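Protein sequences, first through last, are from chains A, B and C.
Residue numbering for the first sequence follows my numbering, beginning at 3 and increasing consecutively.
Residue numbering for the second sequence follows my numbering, beginning at 112 and increasing consecutively.
Residue numbering for the third sequence follows my numbering, beginning at 925 and increasing consecutively.
All residues carry an ideal CB built from backbone N, CA and C; glycine is no exception.
Just so you know, these numbers come straight off a predicted model, no measurement behind them.
Heads up: the structure comes next, in structure tokens.
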Amino acid sequence: MTRCRLVVLAFSVSCGLLISSARAQSGGELRFSLKSEPKTFDPMLADDDSSETVRYLTTGYLIRLNRQTQQLQPELASSWKVSNGGQTISFELRKGVLFSDGTPFTVEDVAFTMRKLMDPNLHSPFADPFRSAAGDVKVTVKNPNAIVLQFPAPVANLEQLFDGVPILSANSSQNDTAGLGPFVVAEHKAGSYILLKRNTHYWKHDAEGRALPYLDSVRLDIQQNRDLEILRFRRGETQLINTIEADNYDRLAADMPAAVHDAGPSFDTEQMWFNQVAAAPIPDYKKAWFRSQNFRRAISQAINRADMSRIAFNGHARPAAGLLSPANQFWFNQNLRAEETDIPGALKRLAADGFHLDKDVLRDRDGHAVEFSVITNAGNKVRERLAVLMQDDLSKIGVHLNVVTLDFPSLIERISRSFNYEACLLGLVNVDLDPSTQMNVWLSSASNHQWNPEEKSPATAWEAEIDRLMRAQASTTDNRKRKEYFDQVQQIVADQAPFIYLVNKNALSAISPSVHNAAPVVLRPQTYWNIDSLYITSTTAGIRP
Amino acid sequence: MWLRALPKHLLRLALTILLGGLLGATLVRFAPGFGVDERELDSRLSTQSIHVLRQSQASQRDILGYYRAYLQGLFRGDLGVSTSLGRPVARLFAERLPATLRNVAVGVAAGWLFGFFLALPMALSRRRSYEVATAGLSGMFLCLPAAVLGLGMVYAGGAAAMAIALVVFPRIFHYSRNILTHASERPHVLAAHARGLQPARIVVWHILPNAAPLLFALMGISVSIALGAAIPIEAICDYPGVGQLTWLAALNRDLPVLVNITLLIMIITLTANSVSDLLGQAVARQRI
Amino acid sequence: MSRARLIAIVFLAITFSAVLLADFVAPAPYAKQFREVPNAAPSAEHLLGTDDLGRDSLSRLLYGSRVSLLLAPAAALLTTLIAACIGGLAGYLGGWFERAALAATDLSLSLPWLFLLLAVRALLPLNVSPIASVTITFALLGALGWSSSGRIICSGARSIRQSDFVLQAQALGISPHRLLLRQVLPNLKPVLAAQFWTSIPIFIIAEANLGILGLGVAEPLPSWGNLLRGLENWPEVKANPWKLAPILMLVAVVSCFQLVFQKREELAS
């Protein structure tokens, strides 16, 4: 009889274990680190990493880009329709949704948000893409759950832009803090941490009808030091690291292989460009070098991108083929290939422009030794490694490269105000898939047209062509046509090399095995994009923390 | 007599502090990268927004005008608003200053404890093995960057104050050792030894009084050393104190925060040095 | 001569010889990248292993020592001389000069000199040679680092000014200039010596910290400072203890210098 009871007990426990491991458990606190103090809790102005994290976790959106499938999905809007060539969008809103303070979500909140967004005094990275022309947005409320927004001019990629627009409350007395996201800010100790608690009015439920999020709270510790972040992860004080450097990834992988994730090439790029500003305070002969397509392409050919990926990123990167990463599946031009290292080819290109080798020193047709400096931001060890690898590569074609590391404000001043630099090595963080978000890079009149910003008219024929193609892709809603235009832009950039793209680094992250339902992706935020579905158990099955 | 001199002394201190604030603000204003904002590199922002960003700190470009307005605000208790954190500087200080002051105070005290009492035996006996061992120990900590010491403390589960102590103690040791050994070689000390006085009595009555003015001066500057060490230690180890705030403000050219920090450091430094000067002079007068 | 001092002299002689003859002694040029073996452990080809770019660590240590061993003591000497002049004169003369000097010292201790260093870097051409850049950095450190010991020296000079033998010397009609050089400053030697010896590693470390802001030695030139920055990665150092070589070298060299020169001071006094 006793033996029978034992068997039954063991069977029950096993069933319990199986059930608990399959069924998400509510409760618990997820902890991870922010790299800096958030600069603001105003969702409309959040544009630094840390502020955007808080915004992502506490606000709701009409449309959401699913970070895994890279497809748009309905969120607070149950459906939508774009019409009028991208000038108008109609939303059918989800019913029965409440803000975190219990006030109902209505069309008025959407109207309020859009008016705030289109305020000309608001200079926000989410607002600017909507302003394809001057003027106000026309808001029409068709019924309590339907709203139509008409913009002054067609807006490229209109629906996807709503993935970045947090819906604010028009009526709540705490309208800045009442949110529609899975969590609300409960505590903030400056310089130390931010505690978010579950939004008890959150509208989402799981397939079994249980209220989401599963987690009780999320604690964001402010931690600038990457090594300390790893230490705390190892100790179990935090459960995820959203982005991790290659060195730390490998070290962690050696001890905790189940915790690390390499999601493949990210959307970020590392690139170098030459200063082509006519008024730059650099010698004219150097300006002539930098304006030469052959010179730029030769430099590109001399760089060993495979070594950069292997040595600077420990293999967690791949040579970049162009301005987009292949992770951007739809928009990437599949015909492009990363430039292969070709020293003889580089020298041949240079010879075409009158350069020649003189006892291992490359000289131009006037006898000037080819020597220039590349500036990059100090304190970024990987970028410093890239610069030193490039220095060694270019010495093989007789080019003397001086690596100058500067603190970031000094660097920004040089590349955007004084233009007192020769070449610059920086990275670009791409948070959006759509090429329209890069208008301010590719238009020759734009401020972020880094090699020659704010041109009054395109300085070269190929820049004029890029201007034409970018405007063309922004003026149609037919994605097939847009892709054709943008493929041509990518080809021109590959041919002319205004940016010399080096590598696309992989999206590396670390997630504790105690966190379930995590599915690391390449789009930001890589690890907690589905935070409302994450749940925690301890490493011992069946025991809640 | 010193009471009569006090108002003049305080006025001199106040003027020095105000001058220090202006000089500090000028250094920040004319450093490269002043007035730039990382957000200018955000490709989502339009050209117009970027121009607005560039103009947002225009009021700080006129440094004299800025400093005048700042002082007016200071007398009303308004320390300005941080441009990088968007929060009132007074609140930032209220949150962070107690932790830093505590770390610095404990760090200086512990640094003196290690450094001074390691050096003291050398005033009485010059055992070679002890000299080599202590010189090696202090030399090792002197050669380690403050950031490395700070990180080591974090890994060992120690406090930031201990890291500060490890930065301060080698300097205290080297100076104290030299000051005390020099004082111990004075003729009257040798005579005291020859007369058979107890070592403790020799130290307390003959060595320390001679060394006191220099030691008090050393005490004053050890506060500056500790404050200087607090910046990299707090920055690297993520302790939310004024040191970390200083580092962030320097990286962002946050003029409102940096002006206030300059004034704060000046007040602490001048106070520490004034106290040490007074003590040194009092001891010197007693000896006369 | 004691055994410890003999060992110190021999160690310094070997170190200086190896450093000065680095072109012949180093197994590889300091910039050469052995890209197939980054972060390698010590081996027959690379006695101290390689760094993260495959550069021979021993070679970089030898060439880095050249930069630091020459420039850091020069900067330390500069700062000691400035401290001696300003602090010594202030304490000796007293009055308004002393008050002005102490105010200048306190200002110097409190001001954010980092921004001056950034401004100087901004004024330098981008293509300045690494040696020129680091020389200017050390010169600035030397010019700015005098304030802490300046105060102590001032205090010491003030005490000496009030002492009997100085009063006697003044009564005998000895000139102030001679008094300062022959009586006051020699009695401040212990403080000046402490300032000098502590400044060397402090400036080496300061050069490393300034590297975070782009000041300091430019790649590919090594220095003790940028080699010491690697110590910030404790797990890496724990797993690869040979990466402690730069710090051990620095401690050994500074300690040996002290052993050798301190004994000379004792003999002189």
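Per DSSP, cross-strand counterpart(s) of residue i
| i | result |
| --- | --- |
| B:G250 | Paired residue(s): none; B:G250 is not in a bridge. |
| A:G429 | A:E272 |
| A:S92 | A:K83, A:V150 |
| A:S438 | A:S438 pairs with nothing; no bridge assigned. |
| A:L364 | A:L359 |
| A:L408 | A:N379 |
| A:V187 | A:L198 |
| A:F501 | A:W275 |
C-beta neighbour in chain B for residue i, strict 8 Å
| i | result |
| --- | --- |
| C:R984 | no |
| C:G1080 | yes |
| A:S23 | With a pLDDT of only 44 at A:S23, under the threshold of 50, the placement of this residue in the model should not be trusted; the figure read from the coordinates follows. Taking Cβ atoms only, chain B never reaches closer than 8 Å to A:S23, which makes this a no. |
| A:A192 | yes |
| A:L233 | yes |
| C:Q1107 | no |
| C:L1139 | no |
| A:P527 | no |
| C:Q1086 | yes |
Residue-level contact to chain A via CB, residue i, 8 Å cutoff
| i | result |
| --- | --- |
| C:A1093 | no |
| B:S157 | yes |
| C:P1036 | no |
| C:N1133 | no |
| B:Y266 | yes |
| B:S160 | yes |
Residues near residue i by beta carbon distance below 7 Å, same chain, minus five either side
| i | result |
| --- | --- |
| B:I174 | A136, T137, R140 |
| C:C1180 | A932, F935, L936 |
| A:F34 | L222, T240, Q241, L242, I243, N244 |
| C:A942 | V949, L986 |
| A:E247 | R228, V384 |
| A:S605 | This structure cannot speak to residue 605 of chain A, because chain A is shown only from 3 to 547. |
| A:H207 | A213, L214 |
| B:R150 | L156, L164 |
| A:T492 | Checking the displayed sequence, the identity of residue 492 of chain A turns out to be Gln instead of Thr. So the list reads G324, L325, L326, N335, L338, once near-sequence residues are dropped. |
Among the options, nearest to residue i - alpha-carbon criterion
| i | options | result |
| --- | --- | --- |
| A:T240 | A:P515, A:D344, A:E272 | A:P515 |
| A:D469 | A:N481, A:I494, A:L59 | A:I494 |
| A:A129 | A:D49, A:D394, A:E39, A:A340 | A:D49 |
| A:D270 | A:A155, A:K485, A:L326, A:R117 | A:L326 |
| C:A1027 | B:D388, B:G184, B:R207 | B:D388 |
| B:A70 | B:A383, B:V200, B:S249 | The structure shown does not extend to residue 70 of chain B, since chain B is modelled only from 112 to 399, so the question has no answer here. |
| C:Q957 | C:D980, C:E969, C:P966 | C:D980 |
| B:L212 | B:P298, B:F186, B:I376, B:V300 | B:I376 |
| B:F227 | B:T194, B:G269, B:T292, B:A267 | B:T292 |
| A:E54 | A:I538, A:Y530, A:Y537 | A:Y530 |
| B:Q166 | B:Y178, B:T158, B:A180, B:G146 | B:G146 |
Cβ of residue i within 8 Å of any chain C Cβ
| i | result |
| --- | --- |
| A:A79 | no |
| B:A138 | Contrary to the premise, residue 138 of chain B reads as Leu rather than Ala in this sequence. Yes, B:L138 counts as interfacial toward chain C. |
| A:V363 | no |
| A:N123 | no |
| A:V406 | yes |
| A:A389 | yes |
| A:D394 | yes |
Local conformation of residue i per DSSP, three classes
| i | result |
| --- | --- |
| B:L255 | coil |
| A:H318 | coil |
| A:P346 | helix |
| B:L308 | coil |
| B:G144 | coil |
| A:S35 | strand |
6 Å CB neighbourhood of residue i in its chain, flanking five on each side removed
| i | result |
| --- | --- |
| A:N404 | S375 |
| A:K398 | I345 |
| A:G250 | The amino acid occupying residue 250 of chain A in the given sequence is Asn; Gly does not appear at that position. Closer than 6 Å at Cβ, skipping near neighbours: I232. |
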